[in-house]
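Working notes for the structure below.
Protein chains: 2
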Amino acid sequence: MTAAPSPIRRSTREAQIVAAARRIVEEEGGALTMRRLAAELGIQAPSLYKHFRTKHAVEVALIEQGLLELGAALHGALSGRGRGGMVPRLLTAYRTAAVGNPALYRLATSGPFPRAELPPGLEDWAGEPFLLATGDPCRAQALFSLAHGLVVLEIDDRFPPGSDLRRTWDAGAAAFAS
Amino acid sequence: MTAAPSPIRRSTREAQIVAAARRIVEEEGGALTMRRLAAELGIQAPSLYKHFRTKHAVEVALIEQGLLELGAALHGALSGRGRGGMVPRLLTAYRTAAVGNPALYRLATSGPFPRAELPPGLEDWAGEPFLLATGDPCRAQALFSLAHGLVVLEIDDRFPPGSDLRRTWDAGAAAFAS
DNA sequence: TGACGTAGCTACCAGCGTTAGCTACCGTGG
DNA sequence: CCACGGTAGCTAACGCTGGTAGCTACGTCA
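One line per chain: the protein sequences are A and B, in this order.
Heads up: the first sequence at position 29 corresponds to 29 in the working numbering, and the numbers run straight through without jumps.
Heads up: the second sequence at position 33 corresponds to 33 in the working numbering, and the numbers run straight through without jumps.
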C-alpha cells in the first residue's frame with residue numbers, strides 16, 4: 001500500500017476558511033457562495049480573495065479533503081480484513097463514505113477534475129484500492145464507475161421510489177466478485 | 001416491449017424554443033441561459049416566460065427529448081439482434097447515445113430527477129432495456145449505474161489520461177455478462 | 001522613521017433568473 | 001364597426017452570483 005500523499009500546506013486563516021466552507025457544504029441545502037462563506041467567518045466577501053484566488057480554489061481545497069478521507073476509508077476497508085471478499089468490503093466503504101457526505105461527494109466528483117491543482121499522487125492513491133480489489137486496471141476503472149454511478153444516482157434520488165438499494169449494491173458487488 | 005410513451009403536446013412557439021435551447025446546449029461550451037436562449041430566437045429574455053413558467057420547465061422539455069431518444073436507441077440495440085450478447089450491445093448503444101450528446105446527457109442526469117413533470121411511463125420505458133438484458137430488477141439497476149458512471153466519468157474527462165476506455169467498457173460488460 | 005506586506009473594508013461591475021407593468025396585434029361577439 | 005379578451009412581445013427593475021479596484025489600518029523590520 002502506497003503512503004497517503006501529504007496535503008497542501010495552508011496558513012491558519014486559509015484553514016479556517018476551508019473549515020467554514022465545509023460547514024456550509026455539509027449543512028442541508030447549503031449552497032456555497034462567497035458571500036455566505038464570508039458571513040460564516042464574520043467578514044465581507046471580497047476579503048476572501050486575499051486568501052484564495054477564486055471560488056474554484058476554495059472548492060479544490062474541499063475536494064482535496066474529500067479525496068483524502070475517501071481514500072483513507074477505502075484503504076482501511078481493504079486492510080481491515082473483515083469477513084467477505086474485497087469487492088463487497090470496498091463497495092460498502094465507498095457507499096458509506098460518499099452517502100455520509102453527499103454534498104462534499106458531489107462537489108468532488110461533478111464537473112471537470114482539477115487534476116493539476118491537487119497534490120500529485122492523490123488521485124492514484126485514492127483509487128488504488130480498486131486496483132487492489134480487482135487486480136486489473138480496466139476492471140478497476142469499471143468497478144469504480146459502478147460505485148460512482150450507484151452513489152450519484154442514490155444521492156440525487158434518481159432511483160425509482162421503493163427501490164431496494166441494498167440489493168442493487170449487492171448485485172453490483174456480485175457482478176465483480178469473480 | 002412496451003410502446004414508447006407519447007411526448008407532451010406543445011405549441012409551435014414552444015417547440016421552437018425547445019429547439020433553440022437544444023441548439024445552444026449542443027453547441028460546444030454553450031451554457032443555457034434565458035438571455036442566450038432569447039437571443040437565439042431574436043426576442044428578449046422575459047418574453048420566454050410567456051411560454052415557459054421557469055427555466056427549469058425548458059430544461060425538463062429537453063430532458064424529455066433526451067430520454068425519448070436514449071430509450072429508442074436502447075430498445076433498438078436489443079431488438080436489432082446483432083452479434084454479441086444483450087449486455088454488450090446495450091452498453092455500446094448507451095455509450096454512443098450519451099457521449100454523442102454530452103451536454104444533453106448531463107442536463108438529463110444531473111441534479112434531482114423531475115419525475116413528476118415528465119410523461120408518465122417515460123422513465124420505466126427508457127430503463128426497460130436494462131431489465132430485458134439482465135432479467136432482474138436489482139441487476140438492472142446495477143448495470144444502469146455502471147453505464148451511467150462510465151458515461152459521466154468519460155464526458156467529464158475524469159479518467160486518468162491515457163486510459164483505455166474501450167477495454168474499461170468491455171470489462172464492465174464482461175462483469176455483467178452472465 | 002519609513003517601507004512593506006497582510007487583511008480587512010466599501011463601491012462597483014456584468015451576468016443570472018425572474019417579476020411587474022405596459023403595448024401592439026388579432027380574432028370574435030354584439 | 002367597435003369593444004373585449006387573449007397572445008406575445010417590450011422595458012425597467014430586483015436580488016442574487018463571482019469577481020475587481022482602490023482605499024485603510026496594523027504589524028514587522030531595516
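We put the beta carbon where it would ideally sit given N, CA and C, even for glycine.
I need the DSSP call for residue i, collapsed to helix, strand or coil.
i        : result
ALA116/A : helix
GLU28/A  : coil
HIS51/A  : coil
GLY85/A  : coil
ARG106/B : helix
THR2/B   : coil
SER79/B  : helix
ASP124/A : helix
GLN65/A  : helix
ILE43/B  : coil
ALA177/B : coil
ARG35/B  : helix
SER145/A : helix
ILE17/B  : helix
ASP164/B : coil
PHE130/A : helix
GLY135/B : coil
GLY172/B : helix
GLY71/A  : helix
Considering Cα atoms alone, identify which of the options is closest to residue i.
i        : options                                : result
ALA15/B  : ALA57/B, TYR94/B, GLY111/B, LEU131/B   : ALA57/B
ARG106/A : ARG89/A, GLY149/A, THR2/A              : GLY149/A
ASP156/B : ALA38/A, LEU48/A, LEU41/A, SER110/A    : SER110/A
ARG139/A : LEU122/B, ARG166/B, ARG115/B, GLU123/B : ARG166/B
LEU91/A  : SER6/A, ALA173/A, ALA4/A, THR2/A       : ALA173/A
SER11/B  : ALA38/B, ARG35/B, LYS50/B, MET34/B     : LYS50/B
LYS207/A : GLN44/A, ALA39/A, THR33/A              : A question about residue 207/A goes unanswered here, because the residues of chain A that appear run from 1 up to 178.
PRO5/A   : GLY29/A, PRO137/A, ARG89/A, GLU123/A   : GLU123/A
THR2/A   : ILE43/A, HIS75/A, ARG23/A, ARG22/A     : HIS75/A
ALA133/B : LEU48/B, GLY162/B, ARG89/B             : ARG89/B
ASP164/B : SER163/A, ASP164/A, GLY162/A, ASP136/A : ASP136/A
Would a C-beta distance cut-off of 8 Å place residue i and residue j closer than the cut-off?
i        : j        : result
ILE8/B   : PRO119/B : yes
ALA171/A : VAL87/A  : no
LEU41/B  : ALA20/B  : yes
ALA175/A : ALA147/B : no
ALA45/A  : ALA38/A  : yes
Rounded to whole angstroms, how far is the Cβ of residue i from the Cβ of residue j, which I believe are closer than 8 Å?
i        : j        : result
ALA93/A  : ALA77/A  : 3 Å
VAL179/B : ALA61/B  : The shown model of chain B, from 1 to 178, leaves out residue 179/B, and the question about it has no answer.
ARG95/B  : TRP169/B : 6 Å
TRP125/A : GLY71/A  : 6 Å
PHE159/B : GLN141/A : 6 Å
PHE144/B : GLY121/B : 17 Å between Cβ atoms; not a contact.
Practice task
Determine, using beta-carbon pairs with one atom in the region 94 to 105 of chain B and one in the region 46 to 66 of chain B, whether at least three such pairs fall under 8 Å.
Solution key: yes
Handout entry: Contact the region 141 to 155 of chain A vs the region 149 to 162 of chain B: 3+ CB pairs below 8 Å
Key = yes
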